[in-house]
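Visitor: Quick note, the sequences are listed as chains A and B, same order. Everything in the first sequence is counted per my numbering, starting at 367 for the first residue and increasing by one. Everything in the second sequence is counted per my numbering, starting at 47 for the first residue and increasing by one. Glycine is no exception: its CB is placed at the ideal position from the N, C-alpha and C atoms. This one's a predicted model, so the numbers in the text were calculated from it and none came from an experiment.
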Amino acid sequence: MSKSKFKNPVVKWIDHRLPVFSFMDHELNHYPTPKNLNYFWNFGSLAGFALVTMIVTGIVLSMNYTAHVDYAFDSVERIMRDVNHGWLIRYIHMNGASFFFIVVYIHIFRGLYYGSYKAPRELLWILGVLILLLMMATAFMGYVLPWGQMSFWGATVITNLFSAIPLVGESIVTWLWGGFSVDNSTLNRFFSLHFVLPFVIVGVVILHLIALHRFGSNNPIGIDVKGTQDTIPFSPYYTIKDLFGLSVFLSFFAAAVFFFPNFMGHPDNYIEANPMVTPAHIVPEWYFLPFYAILRAIPDKLGGVLFMFGAIAVLFILPWLDRSSVRSSQFRPIYKIFFWILLFDCILLGYLGAMPAEGIYVILSRIATAYYFFHFLILFPLLPYIEKTKPLPISISEPILGGAATASAFATREKK
Amino acid sequence: MSTKSSSKENKNEGKRDFLIISTYAMAGIGAASVAWPLIDQMNPAADTLALASTEVDLSSLEEGQAITVTWRGKPVFVRHRTPEEIKLAKEVSLDDMRHPETDEERVPNEKFIVLVGVCTHLGCVPLGQKTGDVKGQYGGWFCPCHGSHYDHSGRIRKGPAPTNLEVPSYKFLSDNVIKIG
Numbered sequence: 367m368s369k370s371k372f373k374n375p376v377v378k379w380i381d382h383r384l385p386v387f388s389f390m391d392h393e394l395n396h397y398p399t400p401k402n403l404n405y406f407w408n409f410g411s412l413a414g415f416a417l418v419t420m421i422v423t424g425i426v427l428s429m430n431y432t433a434h435v436d437y438a439f440d441s442v443e444r445i446m447r448d449v450n451h452g453w454l455i456r457y458i459h460m461n462g463a464s465f466f467f468i469v470v471y472i473h474i475f476r477g478l479y480y481g482s483y484k485a486p487r488e489l490l491w492i493l494g495v496l497i498l499l500l501m502m503a504t505a506f507m508g509y510v511l512p513w514g515q516m517s518f519w520g521a522t523v524i525t526n527l528f529s530a531i532p533l534v535g536e537s538i539v540t541w542l543w544g545g546f547s548v549d550n551s552t553l554n555r556f557f558s559l560h561f562v563l564p565f566v567i568v569g570v571v572i573l574h575l576i577a578l579h580r581f582g583s584n585n586p587i588g589i590d591v592k593g594t595q596d597t598i599p600f601s602p603y604y605t606i607k608d609l610f611g612l613s614v615f616l617s618f619f620a621a622a623v624f625f626f627p628n629f630m631g632h633p634d635n636y637i638e639a640n641p642m643v644t645p646a647h648i649v650p651e652w653y654f655l656p657f658y659a660i661l662r663a664i665p666d667k668l669g670g671v672l673f674m675f676g677a678i679a680v681l682f683i684l685p686w687l688d689r690s691s692v693r694s695s696q697f698r699p700i701y702k703i704f705f706w707i708l709l710f711d712c713i714l715l716g717y718l719g720a721m722p723a724e725g726i727y728v729i730l731s732r733i734a735t736a737y738y739f740f741h742f743l744i745l746f747p748l749l750p751y752i753e754k755t756k757p758l759p760i761s762i763s764e765p766i767l768g769g770a771a772t773a774s775a776f777a778t779r780e781k782k
Numbered sequence: 047m048s049t050k051s052s053s054k055e056n057k058n059e060g061k062r063d064f065l066i067i068s069t070y071a072m073a074g075i076g077a078a079s080v081a082w083p084l085i086d087q088m089n090p091a092a093d094t095l096a097l098a099s100t101e102v103d104l105s106s107l108e109e110g111q112a113i114t115v116t117w118r119g120k121p122v123f124v125r126h127r128t129p130e131e132i133k134l135a136k137e138v139s140l141d142d143m144r145h146p147e148t149d150e151e152r153v154p155n156e157k158f159i160v161l162v163g164v165c166t167h168l169g170c171v172p173l174g175q176k177t178g179d180v181k182g183q184y185g186g187w188f189c190p191c192h193g194s195h196y197d198h199s200g201r202i203r204k205g206p207a208p209t210n211l212e213v214p215s216y217k218f219l220s221d222n223v224i225k226i227g
């Protein structure tokens, strides 16, 4: 590293003592990135953008919100009607949660398709699953805050899941509530945790990024970067590509916020919470529906809870469940088919989670749940023993620029 | 690049500068328009603005008595002045006042003086509304925080406050009822 990397004397002075500029230059500017990344690699930066949007709008909303059972619902209505631009800020926050999950789910399925969780990126993946869990906890508690009917009964149902734990279940639920039902104490602690958990997520995201930058991004071919000929600097190439992706994302996001702000919500949440009356049909937010379907598919209280949490737990051990050394599905003809079946299965579970728990829906939920666990616990470990993978290219450059000729061209370029 | 003529290169550089500057300008406008709602939400909301006026009935206020009412979350002093107090307030010379205003300018109905009860120095509430209160050297109000003395017209006469006590906008709805705000 040359000392005169920065021209600006102030920057130079600071950087000599506190090398933040060198760090940013190294990690965001020169950072070598595989040159064959497709648009599915945009979703990491989009998730980061969504997190920042949620934190900024959330801080602003908390300035106008009252965490008390008697005032919470009215304070949210006041935000919608009286606070300057309050409707906009709340709709951004509300839809932002949904878009955050859309982006993160695509990000996760990208990882599943291209084998991004495999060595040496196991911890990167595990930190990602941890972020997903934290997001779920945060989103659940955030949904309780407007204190509508869905808030209240969602909180009641989800906290009651813990009553399935043998012996201590009831005591744990009482502890979670701070009383004998979801009440003011519950609302206050949920507000407190909903405020603080996003900053915990920021911390884990930083670890996620440190782990990412250790080995760099995976890529659509899934083979390791062999040298500088396989990479391009992050800036300007991927900064521009990420910004372009962001503008496309914002077009969809703005369309939802301005034209269909309540499309992903539930109308019952505009009725103030009433502990005496349960709505006829309780559904969680759409991003929890697949897990909700798994919960209801199991005809046993404790079993349902275990399978629901198990659906996320299997993601933590996925790097060791998958025995295949080939990362990208492009070279795994059989797994590729099963990947699409898994995606369909998850969407089907989401649909079933929104349907009433009766008749054909229960049977389909059980089949879909069985497939989900079959895919992770049986298919991933055993498939590599029967699957014949396609030959891997020599390098990232080879499929783009052609075979041996390119390799020699690079060899000559390297000499220069 | 080297094959291009230098004039063509210069022309392209001009175009590129224009594109970069206009892109940054658009991004700046975009960022500012996103920031505005987040900043403006801290301004008074519609319901806060709607509560911005208060009606006060003065019929039970005897001569020499004072009441304090709340208007926009701040105390408003209303005092029914005695004839001597009115005389003092009207006759005093404006020459050595820090913020010269005549009593007529400040008090439309000479019997009732209406003031925002917030010291113009650093926002404390001056004493002088209750019978036992210290009223300061000029008999009006006295701010205990940093020692500002106000006279019977609420004018600053001594101490650090830079201006007279503020007169809120108000009007008499009838002989004995005022509407503040």
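1) What is the rounded straight-line gap between the Cα of residue 532 of chain A and the Cα of residue 702 of chain A?
2) Quick check: the Cα distance between residue 383 of chain A and residue 396 of chain A, rounded to an integer number of angstroms?
3) Among all the DSSP beta bridges, which residues are the ones paired with residue 224 of chain B?
4) Quick check: the stretch 553 to 572 of chain A against the stretch 499 to 511 of chain A, are there 3 or more CB pairs under 8 Å?
5) Under 8 Å by Cβ, that's how I've got residue 459 of chain A and residue 420 of chain A pegged, so tell me the actual separation to the nearest angstrom.
6) Tell me which same chain residues have a C-beta within less than 7 Å of the C-beta of residue 601 of chain A, skipping the five on either side of it?
7) When we look at the beta-carbon of residue 192 of chain B and count the other beta-carbons within 10 Å, is it buried (16 or more) or exposed?
8) When you compare the CB of residue 429 of chain A with every CB in chain B, is at least one pair closer than 9 Å?
9) Using the C-alpha atoms, what's the distance from residue 582 of chain A back to residue 400 of chain A?
10) Residues in the same chain with beta-carbon distance under 7 Å from residue 574 of chain A, minus the five sequence neighbours each way, listed in chain order, please.
11) Which residues, taken in chain order from the stretch 87 to 100 of chain B, show a beta carbon closer than 7 Å to some beta carbon of chain A?
12) Give the single residue among A/640, A/716 and A/748 whose Cα lies nearest to the Cα of residue 786 of chain A.
13) I believe residue 758 of chain A touches residue 692 of chain A by the beta-carbon criterion, under 8 Å. Please report the beta-carbon distance rounded to the nearest angstrom.
14) Here's a check: name, in chain order, each residue in its chain whose Cβ is nearer than 6 Å to the Cβ of residue 767 of chain A, leaving out the five neighbours to either side.
15) Pick helix, strand or coil for residue 91 of chain B, following the three-state DSSP scheme.
16) Listed in chain order, which residues of the stretch 68 to 83 of chain B have Cβ atoms closer than 7 Å to some Cβ of chain A?
17) Output the distance between the C-alpha atoms of residue 462 of chain A and residue 584 of chain A, rounded to the nearest integer angstrom.
18) Between which two residues does the beta strand (DSSP E) containing residue 159 of chain B stretch?
19) With 16 other CB atoms within 10 Å as the buried threshold, where does residue 104 of chain B fall?
20) Note down, in chain order, every chain B residue with its Cβ under 8 Å from the Cβ of residue 444 of chain A.
21) Within the 9 Å Cβ cut-off, does residue 662 of chain A reach chain B?
22) Quick one: measure Cβ to Cβ for residue 469 of chain A and residue 521 of chain A, integer angstroms, because I've assumed they're closer than 8 Å.
23) Is the CB of residue 678 of chain A under 9 Å away from at least one CB in chain B?
24) Identify which residue in A/737, A/465, A/666 and A/500 has its Cα closest to the Cα of residue 710 of chain A.
25) Can you find a CB in chain B that lies within less than 9 Å of the CB of residue 782 of chain A?
26) Could you tell me which whole alpha helix (DSSP H) segments of length 4 or greater appear in the stretch 524 to 569 of chain A?
27) Sorted by chain position, which residues of the same chain lie with C-beta nearer than 6 Å to residue 545 of chain A's C-beta, five sequence neighbours on each side aside?
28) Express the C-alpha separation of residue 88 of chain B and residue 155 of chain B in angstroms, rounding to a whole number.
29) Would you mind sorting residue 197 of chain B into buried or exposed? The rule is 16 or more other CB atoms within 10 Å of its CB.
30) I'd like to know if residue 585 of chain A contacts chain B, where contact means its C-beta is closer than 9 Å to some C-beta of that chain.
31) Indicate whether at least one CB of chain B lies closer than 9 Å to the CB of residue 423 of chain A.
32) So, does the CB of residue 455 of chain A fall closer than 9 Å to a CB anywhere in chain B?
33) Does the stretch 512 to 528 of chain A come within contact of the stretch 474 to 482 of chain A, defined as at least 3 CB pairs closer than 8 Å?
34) Suppose you measure from the CA of residue 405 of chain A to the CA of residue 525 of chain A; what does that come to, to the nearest Å?
35) Using only the alpha-carbon positions, how far apart do residue 589 of chain A and residue 58 of chain B sit?
36) How would you write the range of the beta strand (DSSP E) that residue 203 of chain B sits in, first residue to last?
Guide: Concretely, from the data shown:
1) The residue given as residue 532 of chain A occupies position 166 in the first sequence. The residue given as residue 702 of chain A occupies position 336 in the first sequence. Their Cα atoms are separated by approximately 41 Å.
2) Along the first sequence, read from residue 1 onward, the residue named residue 383 of chain A stands at position 17. Along the first sequence, read from residue 1 onward, the residue named residue 396 of chain A stands at position 30. Straight-line spacing of the CA atoms in residue 383 of chain A and residue 396 of chain A works out to 21 Å.
3) Mapped onto the second sequence, residue 224 of chain B falls at position 178. B/102 and B/218, per the DSSP bridge assignment.
4) With the cut-off at 8 Å, the stretch 553 to 572 of chain A and the stretch 499 to 511 of chain A touch.
5) Your numbering for residue 459 of chain A matches position 93 in the first sequence. Your numbering for residue 420 of chain A matches position 54 in the first sequence. Indeed they touch by this definition, with Cβ atoms about 6 Å apart.
6) Looking up residue 601 of chain A in the first sequence gives position 235. Hits under 7 Å: 394 and 395.
7) Translated into positions along the second sequence, residue 192 of chain B becomes position 146. Residue 192 of chain B is exposed by the Cβ-count criterion.
8) Along the first sequence, read from residue 1 onward, the residue named residue 429 of chain A stands at position 63. Residue-level contact by beta carbon holds for residue 429 of chain A and chain B, with a gap shorter than 9 Å.
9) Within the first sequence, the letter at position 34 stands for residue 400 of chain A. Within the first sequence, the letter at position 216 stands for residue 582 of chain A. The straight-line gap from Cα to Cα measures roughly 8 Å.
10) As a first step, residue 574 of chain A is located in the first sequence; it is residue number 208 there, counting from the start. Around residue 574 of chain A: 490, 493, 494 and 497.
11) Those residues of the stretch 87 to 100 of chain B placed with their C-beta closer than 7 Å to a C-beta in chain A are 87, 88, 89, 91, 92 and 93, ordered along the chain.
12) A question about residue 786 of chain A goes unanswered here, because the residues of chain A that appear run from 367 up to 782.
13) Within the first sequence, residue 758 of chain A is the residue found at index 392, counting from 1. Within the first sequence, residue 692 of chain A is the residue found at index 326, counting from 1. At roughly 7 Å, the Cβ-Cβ gap stays under 8 Å, so residue 758 of chain A and residue 692 of chain A are in contact.
14) By one-based count along the first sequence, residue 767 of chain A stands at place 401. Same-chain partners within the cutoff: there are none.
15) The sequence position of residue 91 of chain B within the second sequence is 45, counting from 1. In the structure shown, residue 91 of chain B sits in coil (DSSP, three-state: anything other than H, G, I, E or B).
16) Cβ contacts with chain A: 83.
17) On the first sequence, residue 462 of chain A is found 96 positions in, with the first residue counted as 1. On the first sequence, residue 584 of chain A is found 218 positions in, with the first residue counted as 1. Approximately 27 Å between the Cα atoms of the pair.
18) Taking the first residue of the second sequence as position 1, residue 159 of chain B is located at position 113. It spans 158 to 162 - the beta strand (DSSP E) in which residue 159 of chain B sits, taken as one unbroken run.
19) Counting from 1 along the second sequence, the entry for residue 104 of chain B is found at position 58. Residue 104 of chain B should be labelled buried.
20) Numbered from its first residue, the first sequence carries residue 444 of chain A at position 78. Neighbours of residue 444 of chain A on chain B, chain order: 91 and 93.
21) By 1-based counting over the first sequence, the position of residue 662 of chain A is 296. False, the Cβ-Cβ gap to chain B never drops below 9 Å.
22) Within the first sequence, residue 469 of chain A is the residue found at index 103, counting from 1. Within the first sequence, residue 521 of chain A is the residue found at index 155, counting from 1. The pair is not a contact, with the Cβ atoms about 26 Å apart (cut-off 8 Å).
23) Your numbering for residue 678 of chain A matches position 312 in the first sequence. No, its Cβ sits nowhere closer than 9 Å to a Cβ of chain B.
24) In the first sequence, counting from the first residue as 1, residue 710 of chain A sits at position 344. Comparing C-alpha distances from residue 710 of chain A to each of A/737, A/465, A/666 and A/500 shows the shortest one belongs to A/737.
25) Within the first sequence, numbered from 1, the residue matching residue 782 of chain A stands at position 416. With a pLDDT of 40 at residue 782 of chain A, under the threshold of 50, the predicted position of this residue should be treated as unreliable, though the coordinate-derived value follows. Residue contact with chain B for residue 782 of chain A: absent (no Cβ-Cβ distance below 9 Å to any residue of chain B).
26) 535 to 543
27) Counting from 1 along the first sequence, the entry for residue 545 of chain A is found at position 179. Annotation for residue 545 of chain A: 551 place their beta carbon closer than 6 Å to its own, counting only its chain and skipping 5 residues before and after.
28) Mapped onto the second sequence, residue 155 of chain B falls at position 109. Mapped onto the second sequence, residue 88 of chain B falls at position 42. Computed Cα separation, rounded: 37 Å.
29) As a first step, residue 197 of chain B must be located in the second sequence, where it is residue number 151. Answer is buried; the Cβ neighbour count reaches 16.
30) For the purposes of this step, residue 585 of chain A is taken as the residue at position 219 of the first sequence. For residue 585 of chain A, the answer is no, since every Cβ of chain B falls outside 9 Å of its Cβ.
31) What you label residue 423 of chain A is simply residue 57 of the first sequence in a count that begins at 1. True, the Cβ-Cβ gap to chain B drops below 9 Å.
32) Working through the first sequence from its first residue, we reach residue 455 of chain A at position 89. Cβ-Cβ to chain B under 9 Å: yes for residue 455 of chain A.
33) Two segments are said to touch when three or more pairs of C-beta atoms, one from each, lie closer than 8 Å; by this definition the stretch 512 to 528 of chain A does not touch the stretch 474 to 482 of chain A.
34) Position 39 of the first sequence holds residue 405 of chain A. Position 159 of the first sequence holds residue 525 of chain A. Looking at the two C-alpha atoms, the distance is approximately 39 Å.
35) Here residue 589 of chain A corresponds to residue number 223 of the first sequence, with the count starting at 1. Here residue 58 of chain B corresponds to residue number 12 of the second sequence, with the count starting at 1. If you take the alpha carbons of residue 589 of chain A and residue 58 of chain B, they lie about 39 Å apart.
36) On the second sequence, position 157 is the one that residue 203 of chain B refers to. Unbroken beta strand (DSSP E) run through residue 203 of chain B: 202 to 204.
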